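For reference, each letter of the sequence shown is one residue, going 0 to 401 in numbering that gives the first Met the number 0. For each residue, glycine too, the CB sits at the ideal point set by N, CA and C. Just so you know, these numbers come straight off a predicted model, no measurement behind them. Structure, as structure tokens:
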Amino acid sequence: MFTKDNENADNVMLAKKFAEATDKVKAQAEEINGRMEKGEKLSQAAKDSADEALTKFNELSEQVKDIEQKTARRGGEEPVAKSLGRQMADSEQFKQLIADPRGVRHAKMSVKAETITSATTASPGAAGALVTPQYVQGIIAPNQMRLTIRDLLMSGTTNSNAITYMRETGFTNNAAAQANEGDKKAQSDLKFDQVTTNVETIAHYIKASKQIMHDAPMLASYIDGRLMYGLKLVEEKQLLNGDGLNGNIKGIIPQATAFANPATTVATYTIIDQIRYAMLQAVLAEYPASGHVLNPIDWATIETLKDNEGRYIIGQPQGEANPTLWRLPVVETQAIAPTKFLTGAFNMAAQIFDAEEASIEVGFENDDFIRNLLTILCEERLALAVYRPQAFIYGTLAAKTA
């Protein structure tokens with residue numbers, strides 16, 4: 000079967016023959032020119048040899064022109080730069096030398112020196128095709144936000160679709176000393192409300208062809224990682240800000256207690272002082288705070304605060320200690336809005352219940368099977384129980400001035 004490769008091979012062979020014929024004609028012309036300069040007469044054998052070489056050259060030249068015309072009609076192929084030999088053969092002086100060896104004594108061709116560049120065209124001096132681009136292996140992923148809220152909370156598991164618990168909503172402490180024997184003792188009151196929080200689902204998926212997953216194995220782990228990250232990113236926001244509607248988790252912030260400085264006699268305070276007073280507010284709710292949640296912008300503002308002498312208040316730039324404020328860890332996350340803070344007893348006053356831990360599943364959906372498509376699903380089911388909202392203090396960072 001005739002193929003493009005066969006055609007290319009024939010063209011290469013023809014080019015080789017044409018180059019040989021060109022060299023032979025050129026040699027014959029130089030020999031004839033040399034003899035004529037010496038005044039020698041040409042023998043019939045020399046004339047016949049020259050005629051034979053010229054006839055062969057003309058035949059091959061016609062074949063080369065025919066190929067060039069076919070290529071031009073076909074279109075879409077890159078123009079090929081002429082070699083020096085071909086440029087010589089196509090020059091008018093060389094054609095005159097072949098046509099009339101006695102009338103033209105020599106043929107000369109001037110070659111203009113071209114600047115070598117990185118161009119990839121067929122123009123003289125173009126050397127761009129010699130440059131091989133460097134290929135960086137793998138996929139460059141965007142930076143990922145740190146996820147930390149889940150780590151602050153108590154963890155648990157459930158086999159149900161809802162979590163029900165009793166929340167203390169009131170406590171009247173009337174404990175008192177008994178004045179006399181037989182006196183009625185003081186009575187205190189406790190009030191509870193039954194709270195039910197549903198197990199909610201967070202999920203998303205990606206479609207991929209069966210072929211690409213087979214041909215690019217590293218893509219599978221990359222997709223898994225990105226799906227898991229996207230899931231945890233939403234989980235982080237839900238645990239803090241979820242409104243509890245339309246399948247959303249009811250997060251900590253919508254249930255938290257607003258900041259109200261218990262130290263009412265304090266006339267002024269800084270934002271660092273404010274967070275300390277939020278800790279005090281949590282302690283008075285009988286649940287000591289275990290951490291702070293701040294937006295990275297606000298934590299950077301706090302870390303760079305200086306005194307009147309230009310010294311950093313809470314640390315040094317070269318320090319390597321984990322972020323802490325008032326002895327408690329600071330969690331930086333963009334899930335909380337700038338200028339807002341959350342201080343609370345994360346380790347006691349709230350708990351996560353996992354019904355299905357985050358996982359990756361691969362399967363067929365609808366007509367995926369006959370289309371060679373795969374559905375890659377990332378999903379988790381969980382509930383959040385906030386046992387004591389008073390133990391979480393939420394507010395806006397704002398210094399108090401006189």
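Of all C-beta pairs linking the stretch 255-268 to the stretch 311-327, fewer than three are shorter than 8 Å, placing the two stretches out of contact. By the criterion of a C-beta distance shorter than 6 Å, Gln254 is surrounded in its chain by Val385 and Pro388, once the five residues flanking it on both sides are discounted. Closest in alpha carbon position to Thr303, among Gly290, Leu341, Gln317 and Val292, is Gln317.
Under the DSSP assignment, Thr300 falls outside any beta strand (DSSP E), being part of the alpha helix (DSSP H) whose first and last residues are Pro295 to Glu302. The DSSP-derived three-state label of Leu324 is strand. Residue nearest to Lys236 within the set Lys249, Asn245 and Thr338 is Lys249 (criterion: CA-CA distance). In the three-state DSSP reduction, Ser187 falls in the coil class, being neither helix nor strand.
The Cβ-Cβ distance between Thr395 and Lys305 does not fall below 8 Å.
Distance between Ser289 and Pro328, taken at the CA atoms: about 8 Å. Distances from the CA of Ala382 to each of Ala44, Asn365, Trp298 and Thr200 were compared; the closest alpha carbon is that of Thr200. Taken through DSSP and simplified to helix, strand or coil, Ala334 comes out as coil. Cβ-Cβ distances below 6 Å link Ile211 to nothing in the same chain once the five nearest sequence neighbours on each side are left out. By the 16-neighbour rule on beta-carbons within 10 angstroms, His291 is buried.
Cβ-Cβ distances below 7 Å link Ala219 to Met212 in the same chain, with the five nearest sequence neighbours on each side left out; the list follows chain order. Sixteen is the threshold: since fewer than 16 other Cβ atoms of the shown chains lie within 10 Å of the Cβ of Leu283, the residue is exposed.
In the same chain as Arg380, and ignoring 5 residues on each side of it, the C-beta atoms closer than 6 Å to its own belong to Val198, Thr200, Ala354 and Glu355, in chain order.
Of Ala161, Ala185, Thr300 and Met227, the smallest CA-CA separation from Asn172 is found for Ala185. The C-beta of Val265 has fewer than 16 other C-beta atoms within 10 Å across all chains shown, which makes the residue exposed. Listed as beta-bridge partners of Lys23 by DSSP are no residues whatsoever. Here Gln177 carries a coil assignment [DSSP, helix/strand/coil]. Nearest neighbour of Val194 by Cα position, chosen from Ile252, Glu167 and Pro216, turns out to be Glu167.
Annotation: the continuous beta strand (DSSP E) that includes Leu341 extends over Lys339 to Gly343. Listed in chain order, the non-local C-beta contacts of Ala174 below 8 Å within the same chain comprise Ala185 and Ser187, local neighbours out to five positions each way being set aside.
Straight through space, the alpha carbons of Glu378 and Ile205 are spaced by roughly 12 Å.
The alpha-carbon separation between Asp366 and Leu373 amounts to approximately 10 Å. The straight-line gap separating the alpha-carbon atoms of Leu239 and Ser208 is approximately 36 Å. If the five residues before and after Thr196 are omitted, its C-beta is found closer than 6 Å to the C-beta atoms of Ile162, Ala382 and Ala384, all from its own chain and listed in chain order. Distances from the alpha-carbon of Trp298 to those of Gly229, Pro322, Gly362 and Tyr164 put Pro322 closest.
Shown here for Leu279: same chain residues with a beta carbon closer than 6 Å to its own, the five before and five after excluded, namely Pro261 in chain order. Spanning the alpha carbons of Tyr268 and Ala357 requires a straight line of approximately 43 Å.
In the structure shown, the three-state DSSP call for Gly394 is strand. Following the DSSP letters along the chain, one finds Arg380 inside the beta strand (DSSP E) bounded by residues Leu372 to Val385.
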